[in-house]
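*Asks:*
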Amino acid sequence: MNIEAVVFFFGFIALTLGITYWAARRTKTTEHFYAAGHGVTGFQNGLALAGDYMSAASFLGIAGLVALNGFDGLIYSTGWLVGWPIILFLIAEPLRNLGKYTFTDVVAYRLQQQPVRIAAAIGTMAVVLTYMIAQMVGAGTLIKLLFDLDYTIAVVIVGAVMMAYVLFGGMLATTWVQIIKACLLLGGALVMALLVLAQFGFSPTALFAKAAELNGDQVLKPGTKVVTGAWDAVSLGLALMFGTAGLPHILMRFYTVPDAKQARISVAWATIWIGAFYLITFVLGFGAMVLVGMKGILAAGGGGNMAAPLLANAVGGSAFFGFICAVAFATILAVVAGLTLSGAAALSHDIWVNVVRKGQAPESEQLRVARIAAVILGVCAILLGVIFRGQNVAYMVGLTFSIAASANFPALVMAIFWRRFSTWGAVGAILVGAIGSLVLLYCGPTIQVDILHEDIAKVSQNWWYFPLKNPCLISMTLSFVVGIVVSLLTREPAAEAEFAQAERRVILGTLADVEASGRPVAAE
Amino acid sequence: MSDVGSPIHAIAAKRWKIALTLSVLVLVIYFGFILLVAFGKPLLSILLGPGLSVGILLGALTIISCWILAIIYVRWANHHYDDEIARAARWGRKS
Chain G
-1 MNIEAVVFFF
9 GFIALTLGIT
19 YWAARRTKTT
29 EHFYAAGHGV
39 TGFQNGLALA
49 GDYMSAASFL
59 GIAGLVALNG
69 FDGLIYSTGW
79 LVGWPIILFL
89 IAEPLRNLGK
99 YTFTDVVAYR
109 LQQQPVRIAA
119 AIGTMAVVLT
129 YMIAQMVGAG
139 TLIKLLFDLD
149 YTIAVVIVGA
159 VMMAYVLFGG
169 MLATTWVQII
179 KACLLLGGAL
189 VMALLVLAQF
199 GFSPTALFAK
209 AAELNGDQVL
219 KPGTKVVTGA
229 WDAVSLGLAL
239 MFGTAGLPHI
249 LMRFYTVPDA
259 KQARISVAWA
269 TIWIGAFYLI
279 TFVLGFGAMV
289 LVGMKGILAA
299 GGGGNMAAPL
309 LANAVGGSAF
319 FGFICAVAFA
329 TILAVVAGLT
339 LSGAAALSHD
349 IWVNVVRKGQ
359 APESEQLRVA
369 RIAAVILGVC
379 AILLGVIFRG
389 QNVAYMVGLT
399 FSIAASANFP
409 ALVMAIFWRR
419 FSTWGAVGAI
429 LVGAIGSLVL
439 LYCGPTIQVD
449 ILHEDIAKVS
459 QNWWYFPLKN
469 PCLISMTLSF
479 VVGIVVSLLT
489 REPAAEAEFA
499 QAERRVILGT
509 LADVEASGRP
519 VAAE
Chain E
126 MSDVGSPIHA
136 IAAKRWKIAL
146 TLSVLVLVIY
156 FGFILLVAFG
166 KPLLSILLGP
176 GLSVGILLGA
186 LTIISCWILA
196 IIYVRWANHH
206 YDDEIARAAR
216 WGRKS
């Protein structure tokens, strides 16, 4: 076991639990629990968004992909970023101005609360649980590799610590955990990249040239490993791009800032940090390829995931290796905490308060239910981690983004932009997107060939066989079609009549409150 | 209310137009890159110098163009759009 790694890791745990203690004393209302009292600045929220988004998969996974495949790994680096400008241009303002705590607030704004909230909670939980499986299994395996700790103990530690953040500190503690994690991850990656580049006269192209000299020019060129066909590439691109705009734990962050202006600033900062991080992964990936070597990376196990930690060891010695391992652990912890909080919000705010109690629940009860939901999800996370132990769950990340892009994103867009969008249109769009993603993934090569090891020539003869690795292209289209057709068949005059008022709210934001309260305007 | 509606909606319509244009730009840039990866392998494989292929350059430029478009939008929205809306809303209430 690496002593430095353990010291850094416990330092991080101590610091974040201290912050949780501080935040717990400020978390007295649901406003604080779900939205940190709307008191987070745009800059802080930008870092927190980056923290929520940059998972261990993007840090260790992409570095590994680039180290082993060269250019092909970079396709992911760009794909993971391009959803952010879309969130900024189309989603950020309506989301901030129409909702209260969850994106479901926006979808259900003009529609019948019960059916829409239940459907959207299903969409949220599908994303939260599939993403959680990927993170927890990744965490267990990774911690076994990094700290030589038992898998189950690792999963329980992650579950228990993140439950403490969410349960006691709510959104305020979770936000600061994300900010600290984002700074550590960005700082650690930057230092590592600079240490690598120092050996190549601070010229990235000199590093890439060395990689080509050792492994052949093909590492700088598109190959066939990651992108197999044009439709596969487009489908994956759609999932990455629009899935980002359908992730409930990301969308929930927009309520932590005071207004739409700060929401915009926060997405711009998130875009800058995440983009910078992915540019750095170019250097880390090729750095590992040259300084550690493909053989060394493969020998370490974990399918390339050890590329970044091994590179840290090569350029900064064992102390730096320990630091990067601790950062990777902290990364998983923070992402799981964000997921748990958004799942708890869906169960308590959407289902309990608005469906079961029809919007009439006292503050103390709401808070109690939210905390119970957080505990349930924490236990679920640990159980899922144990159940899926040792299985290949890489496809879960693709599934998460496909469900987010096919269930949550279409409903959100149609609710914001389309007057005729109806209750049953929303329910249909969400359910078809979520179920379609699951079914098509199961009938496709990802599950049939990669997981069940069926012979591709034989299985592709079946009538139900679906040829794309990522189902998003079809499931997202289906979701939009179902949403439109059902809405046209079930007209809802009450919802259409409210569209103008909702539109006004999207435009005016907090100014609309001033107007509604009828207060005279000062100094006019 | 109706006399307030039109100037505010005109300003908001302008924002949607800009937001949609920028979104389409991002789509074109990203899917252009992805389709080049799928169909334009020879082009992306051209080496511009030792260690730099067209593919790597375009990948980096995709990320940088996201930065630039995001910054342009936020500067415009926070400095011009919000002020115009606030002015229009104030003017509407006064009359």
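Which chain is which? The protein sequence lines are G and E, in order. Heads up: the first sequence begins at -1 in my numbering, then just goes up one per residue. Heads up: the second sequence begins at 126 in my numbering, then just goes up one per residue. Every residue gets a Cβ at the ideal spot worked out from N, C-alpha and C, and that includes glycine.
Hey, could you find the ends of the beta strand (DSSP E) residue 174(E) is sitting in?
*Replies:* Note, residue 174(E): beta strand (DSSP E), 172 to 174.
*Asks:* Evaluate residue 461(G) with the Cβ neighbour count: other Cβ atoms within 10 Å of its Cβ, from every protein chain shown; 16 or more gives buried, anything less gives exposed.
*Replies:* Exposed is the call here.
*Asks:* The alpha helix (DSSP H) with residue 543(G) in it runs from where to where?
*Replies:* Limits of chain G in this structure are -1 at one end and 522 at the other, which puts residue 543(G) out of reach.
*Asks:* Could you give the residue range of the alpha helix (DSSP H) that holds residue 30(G)?
*Replies:* Counting along the chain, the alpha helix (DSSP H) containing residue 30(G) begins and ends at 28 to 33.
*Asks:* Under 8 Å between beta-carbons, which chain G residues line up against residue 135(E)? List them in chain order, please.
*Replies:* Ordered by position in chain G, no residue passes the 8 Å Cβ test against residue 135(E), which lies about 11 Å from the chain.
*Asks:* Please identify, using Cβ separations under 8 Å, the residues of the stretch 273 to 292 of chain G that lie next to chain E, in order along the chain.
*Replies:* Correct list: 273, 276, 277, 280.
*Asks:* Would you mind giving the Cβ-Cβ distance between residue 34(G) and residue 348(G), rounded to the nearest angstrom? I have them listed as a contact below 8 Å.
*Replies:* With a Cβ gap of about 19 Å, residue 34(G) and residue 348(G) do not count as contacting.
*Asks:* Between residue 193(E) and chain G, is any beta-carbon pair separated by less than 7 Å?
*Replies:* No, residue 193(E) lies away from the interface with chain G (no Cβ there is under 7 Å from its Cβ).
*Asks:* Can you tell me the Cβ-Cβ gap for residue 480(G) and residue 427(G), rounded? I've got them flagged as a contact below 8 Å.
*Replies:* With 8 Å as the limit, residue 480(G) and residue 427(G) qualify as a contact, their Cβ atoms being about 6 Å apart.
*Asks:* Under the DSSP definition of a beta bridge, which residues are partnered with residue 177(E)?
*Replies:* Paired residues: 174(E).
*Asks:* Between residue 23(G) and chain E, is the shortest Cβ-Cβ distance under 7 Å, so that the two count as touching?
*Replies:* Cβ-Cβ to chain E under 7 Å: no for residue 23(G).
*Asks:* Taking the beta carbon of residue 174(G) as the centre, do at least 16 other beta carbons fall within 10 Å, making it buried, or is it exposed?
*Replies:* Residue 174(G) should be labelled buried.
*Asks:* If you draw a straight line from the alpha carbon of residue 476(G) to that of residue 430(G), how long is it in whole angstroms?
*Replies:* Spanning the two alpha carbons is a distance of roughly 7 Å.
*Asks:* Can you tell me the Cα-Cα spacing of residue 377(G) and residue 158(G), whole angstroms?
*Replies:* Straight-line Cα distance between these residues: approximately 8 Å.
*Asks:* Using a C-beta cutoff of 7 Å, does residue 262(G) count as contacting chain E?
*Replies:* Answer yes: the Cβ-Cβ gap between residue 262(G) and chain E drops below 7 Å somewhere.
*Asks:* Flag residue 235(G) as yes if its beta-carbon sits less than 7 Å from any beta-carbon of chain E, otherwise no.
*Replies:* Yes - at least one Cβ of chain E is within 7 Å of the one on residue 235(G).
*Asks:* Measuring CA to CA, which of 326(G), 419(G), 309(G), 294(G) is closest to residue 192(G)?
*Replies:* Considering only alpha carbons, the answer is 309(G).
*Asks:* Have a look at residue 216(E) and residue 210(E) and give me their C-alpha separation to the nearest angstrom.
*Replies:* Distance between the alpha carbons of residue 216(E) and residue 210(E) is about 10 Å.
*Asks:* Of the residues that make up the stretch 397 to 412 of chain G, which ones have a beta carbon closer than 7 Å to any beta carbon in chain E?
*Replies:* Listed by position along the chain: nothing, the set is empty.
*Asks:* Please identify the residue among 72(G), 166(G), 70(G), 65(G) whose C-alpha is closest to the C-alpha of residue 24(G).
*Replies:* Of the candidates 72(G), 166(G), 70(G), 65(G), the one whose C-alpha sits nearest the C-alpha of residue 24(G) is 166(G).
*Asks:* Go through its chain and collect everything with a Cβ distance to residue 517(G)'s Cβ below 6 Å, but skip five positions before and after it.
*Replies:* At residue 517(G) the pLDDT is 47, less than 50, meaning the model places this residue with poor confidence; the figure from the coordinates comes in the next sentence. For residue 517(G), where only same-chain residues beyond five positions count, there are no Cβ hits under 6 Å.
*Asks:* Quick test of your reading: residue 32(G) and residue 99(G), contact by CB under 8 Å. State the CB separation rounded to the nearest angstrom.
*Replies:* With 8 Å as the limit, residue 32(G) and residue 99(G) qualify as a contact, their Cβ atoms being about 4 Å apart.
*Asks:* Please go through the same chain and pick out, in chain order, the residues whose beta-carbon is closer than 6 Å to the beta-carbon of residue 63(G), but skip the five residues on each side of it.
*Replies:* Cβ within range, chain order: 71.
*Asks:* Using DSSP with H/G/I as helix, E/B as strand and the rest coil, what is residue 532(G)?
*Replies:* Since the displayed chain G opens at -1 and closes at 522, residue 532(G) lies outside it and no answer follows.
*Asks:* Spatial neighbours of residue 198(E) within its chain, please: CB distance less than 8 Å, with the 5 preceding and 5 following residues excluded, ordered by chain position.
*Replies:* Once the five neighbours on either side are set aside, the close Cβ partners of residue 198(E) are 143, 144, 147.
*Asks:* Give, in chain order, every unbroken run of the alpha helix (DSSP H) that is at least 4 residues long and sits entirely within the stretch 112 to 164 of chain G.
*Replies:* For the stretch 112 to 164 of chain G, whole alpha helix (DSSP H) runs of length 4 or above, ordered along the chain, are 149 to 162.
*Asks:* Taking 8 Å as the threshold, find out whether the stretch 389 to 396 of chain G comes into contact with the stretch 87 to 102 of chain G through three or more Cβ pairs.
*Replies:* Result no; under three Cβ-Cβ pairs closer than 8 Å.
*Asks:* Of the residues 331(G), 439(G), 19(G), 381(G), which one's Cα is nearest the Cα of residue 179(G)?
*Replies:* Selected option, being the one with the closest Cα: 331(G).
*Asks:* Rank 440(G), 182(G), 433(G) by C-alpha distance to the C-alpha of residue 10(G) and give the top, closest one.
*Replies:* Of the listed residues, the one whose Cα sits closest to residue 10(G) is 182(G).
*Asks:* Does the beta-carbon of residue 502(G) have 16 or more other beta-carbons within 10 angstroms, so that it is buried, or is it exposed?
*Replies:* Classification for residue 502(G): buried.
*Asks:* Does residue 179(E) have its Cβ less than 7 Å from a Cβ in chain G?
*Replies:* No, because no Cβ of chain G sits closer than 7 Å to the Cβ of residue 179(E).
*Asks:* From which residue to which residue does the alpha helix (DSSP H) around residue 440(G) run?
*Replies:* Start and end: 421 to 440.
*Asks:* Following the continuous alpha helix (DSSP H) through residue 246(G), name the residue where it begins and the one where it ends.
*Replies:* First-last of the alpha helix (DSSP H) with residue 246(G): 246 to 249.
*Asks:* Given residue 66(G), which residues of its chain have a CB within under 7 Å of its CB, disregarding the five upstream and five downstream residues?
*Replies:* Once the five neighbours on either side are set aside, the close Cβ partners of residue 66(G) are 292, 295, 302.
*Asks:* Listed in chain order, which residues of the stretch 199 to 210 of chain G have Cβ atoms closer than 9 Å to some Cβ of chain E?
*Replies:* So the close ones are 201, 202, 203, 204, 205, 206, 207, 208, 209, 210.
*Asks:* Would you mind telling me which residues of chain E sit closer than 7 Å to residue 266(G), beta carbon to beta carbon, in chain order?
*Replies:* In chain order: 195, 196, 199.
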